Amino acid sequence: MILNIDTHPRESLAAIDSAGRTLKYGELIDFSMQITHYIPKRSVVFLLAENNVGGIAWSIGFINAGIVPLLLNAQIDSALFQQLYDLYTPPFICIPKKLKGNYDFPVLTEQYGYALMNTGHKAYPVYEELSHLLPTSGSTGSPKLVRHCYRNVEAAGLNISTFFELTSSDRPLLVLPLYYTMGISVVFSHLYVGATVLITDLSMTDKAFWAFMKEQRASSFTGVPYSFEILKLMRFFQMNLPDLTLLTQGGGKMPRSLNLQFAEYVQKHGKRWIATYGQTEGTARMAYLPPEYAIAKAGSIGWAVPNGELSLIDENENPIEIPHIEGEMCYRGKNVTLGYALKKEDLQLGDERNGFMRTGDLAYRDEDGCYYIVGRIGRFLKLFGMRVGLDECEQIIKTKYSVECACVGTDEKMSVYIVDSQYAQPIKQELVEKTKIVASAFDIQVIESIPKNGTGKILYNLLSNN
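Numbering (the numbering used here), first residue to last: 39 to 504.
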C-alpha cells in the first residue's frame, strides 16, 4: 500500500483530531479497501477537506484505492468551486456531512464525518499513474491544477521523513490545511514512518488549540511565516513545552529577524529549527537548512532534500557553477510532479517533466553550496505563506469591476494599481474575500493610466513593487 501504511501495527494511531476522533492504521487500511465498493478505481472526485480525521481518512483512502482526488478547501467560494466543477465535471464529490444541503446529489455512503456523493457526470480516462490533484493557487481558484503521481507521494514520504529524522514516536501538530501542499506532505511523511498526526482546524489564538497541543504532547510544529508571527504574539518563547522538539518552516521567505529569534530559541532550549523550501510542483519540500546551520546561515534554504538535486542556470540556460552568481534555480528529483492540468482532458497526460523542473525563483549559491532565494521570475507571490497568482488577481478584479488594473508586489505585500478611485475599497474587499488573506496584504494605488507598450501589454517594470 501507499506510504507503507500496511507495515505498521494495526492498532497504532494514524491520526487524532481536536474533536477527539481517532484513526488507527488498521482502520485506514480497511477503509482504503472499502472505498472501491462505492466508486470505481481511477474515478476523479472533488474532496472538500477539513483538518480532521475524516480529511486524512478520505484523502489517503482515495489515493490508496487508486481513485484520484482533487483536494479543495471545504469553505471554497461557491463561484470558484463552480468554475472548477464545470471544467473538470467530477463523477463524484466528497464533502463534510454538514454541507450536504448545499448539493442535490444522491449520497453513496457517509463515513468519518464526510458524505460521498454521485454527481451524475460520466467517468473519463485519466493517466494510470495520476495519484491526486492540488490547485496551484487554492486561494484564487485558478483552474490550473498540479498533477501528482504515486512516485511523488512515496518520494515525499521518504525524503521528508529522512531529513527530519522522523520515527513512529513522533506526534506532529498539523495546522496547515490538507489542500495545501505542505499540509498534506506532513501527513505523507509521518504516515510513512508510522507516526500519529495531531490535526486541528482550531485557531492558534484559541485556548483550545493550546490545550490540544499540550494534552496530546505534540512533538513538532510546521508553519508558514505567518504562523510564527502568531506564535510570537502568543508569547510562545515564554511557554513550557517540553514535548515540542522540532519546529519547521516553509511557505515563503521569513523575515530574517524572526527567523533568528526562533533559531536562537531552539538552540537555547535543546530543540531543532529547520527552514525548508518547496513548491506544489515539487510535492512540497525541495530544500532544507539543517538545524546546526540555522543561525550561521539564517535566511538560506540550505541544500536539496535527500535524493534531490538543486542547480542554477543563466538566462541562456547555461549552468552556473560560480558562487554568488544569480540565476534561475532548478530542481531534479522523484518528487517533481507530472505537470499541469487546465481542463479534464489534461488528466490523461503523462509525465511532462521527467523529474526536472525550473522553479521560477531567482537564487544564488554560496561557497558552501547553500542556496539563497533573492526573487521570483514568475508572477506569483507568497502572501502570508499562501501562493497567489498576480494574473489571477487581476482577473478577479476585471471579472467583478469594469476597471483597468495591474498587480505587482513582493512576498510582503501586493500592490494593486487601478485608474478609478471609486473602486479602491471594493476591490480590496473582493481580494480579501476571494483569497482569504488579510486586508493589510493589499495596497491599492490609484494612478492616471496603466503603462502599456505598443501592443497593449502592461509594462509591469514601470510599476513600483513597494
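Beta carbons: idealized from backbone N, C-alpha and C, even for Gly. Only a predicted model underlies this, so the values are computations on that prediction, with no experimental measurement involved.
Residue i versus residue j - alpha carbon distance
| i | j | result |
| --- | --- | --- |
| Glu430 | Ser50 | 44 Å |
| Val441 | Gln460 | 10 Å |
| Gly340 | Cys368 | 14 Å |
| Asp44 | Lys270 | 39 Å |
| Thr200 | Arg391 | 24 Å |
| Asn102 | Ala301 | 37 Å |
| Gln483 | Cys445 | 10 Å |
| Ala336 | Pro361 | 18 Å |
| Cys187 | Leu168 | 4 Å |
| Leu348 | Gly158 | 45 Å |
| Trp96 | Asp239 | 17 Å |
| Ile73 | Val191 | 19 Å |
| Lys138 | Val145 | 9 Å |
| Ser177 | Glu203 | For Ser177, the pLDDT reaches just 48, beneath the cut-off of 50, and the residue's location in the model is therefore unreliable, leaving the point undetermined. |
| Ala209 | Tyr409 | It should be pointed out that residue 209 corresponds to Arg in this sequence rather than to Ala. The straight-line gap from Cα to Cα measures roughly 30 Å. |
| Pro280 | Tyr331 | 23 Å |
| Tyr326 | Leu500 | 35 Å |
| Leu421 | Lys291 | 10 Å |
| Tyr162 | Tyr126 | 10 Å |
| Thr243 | Glu267 | 12 Å |
| Ile198 | Lys451 | 30 Å |
| Ser257 | Leu183 | 33 Å |
| Lys490 | Tyr455 | 13 Å |
Where the alpha helix (DSSP H) containing residue i begins and where it ends
| i | result |
| --- | --- |
| Asp389 | Careful: Asp389 lies outside any alpha helix (DSSP H) and carries neither H nor E. |
| Asp124 | 116-126 |
| Cys431 | 428-438 |
| Ser70 | 63-72 |
| Ala95 | 91-102 |
Assumed close pair residue i, residue j - CB separation to whole angstroms, cut-off 8 Å
| i | j | result |
| --- | --- | --- |
| Pro329 | Trp311 | 6 Å |
| Val106 | Val82 | 5 Å |
| Gly393 | Val374 | 5 Å |
| Ile94 | Leu61 | 6 Å |
The ligand FAD heavy atom lying under 7 Å from the CB of residue i
| i | result |
| --- | --- |
| Asp481 | In the structure on display, the ligand FAD does not appear, and there are no ligands present to speak of. |
Cβ shell of residue i (< 8 Å), same chain only, five flanking positions each side left out
| i | result |
| --- | --- |
| Gly398 | Glu366, Arg414, Ile415, Gly416, Phe418 |
| Ile351 | Pro357, Ile358, Gly365, Glu366, Cys368, Arg396 |
| Ala194 | Ser223, Phe226, Ser227, Thr321, Ala322, Arg323, Asn373 |
Endpoints, the beta strand (DSSP E) within which residue i is located
| i | result |
| --- | --- |
| Val83 | 82-87 |
| Ile339 | Looking at the DSSP string, Ile339 is not in any beta strand (DSSP E), and its letter there is neither H nor E. |
| Tyr409 | 409-414 |
| Lys472 | Premise fails: Lys472 lies in the alpha helix (DSSP H), 462-473, not in any beta strand (DSSP E). |
Same chain, Cβ closer than 7 Å to residue i, neighbours up to 5 away in sequence not counted
| i | result |
| --- | --- |
| Lys79 | Ala103, Gly104, Ile105 |
| Gly221 | Leu212, Leu214, Pro215 |
Cutoff 6 Å; reference residue i; Cβ partners in own chain excluding five residues on either side
| i | result |
| --- | --- |
| Asp404 | Pro361 |
| Tyr123 | none |
Exercise for the section: Within the segment 248-303, note down every full beta strand (DSSP E) run reaching 3 residues or more, in order along the chain. Expected result: List check, beta strand (DSSP E) in window: 258-261, 284-287.
Handout entry: Secondary structure, alpha helix (DSSP H): runs of 4+ residues fully inside the segment 172-218
Key = 188-201
Handout entry: Entirely enclosed beta strand (DSSP E) segments - the segment 346-373, minimum 3 residues
Key = 346-351, 365-371
Problem - Unbroken stretches of the beta strand (DSSP E), 3 residues or longer, contained in the segment 121-170 - result: 130-134, 145-149, 152-156
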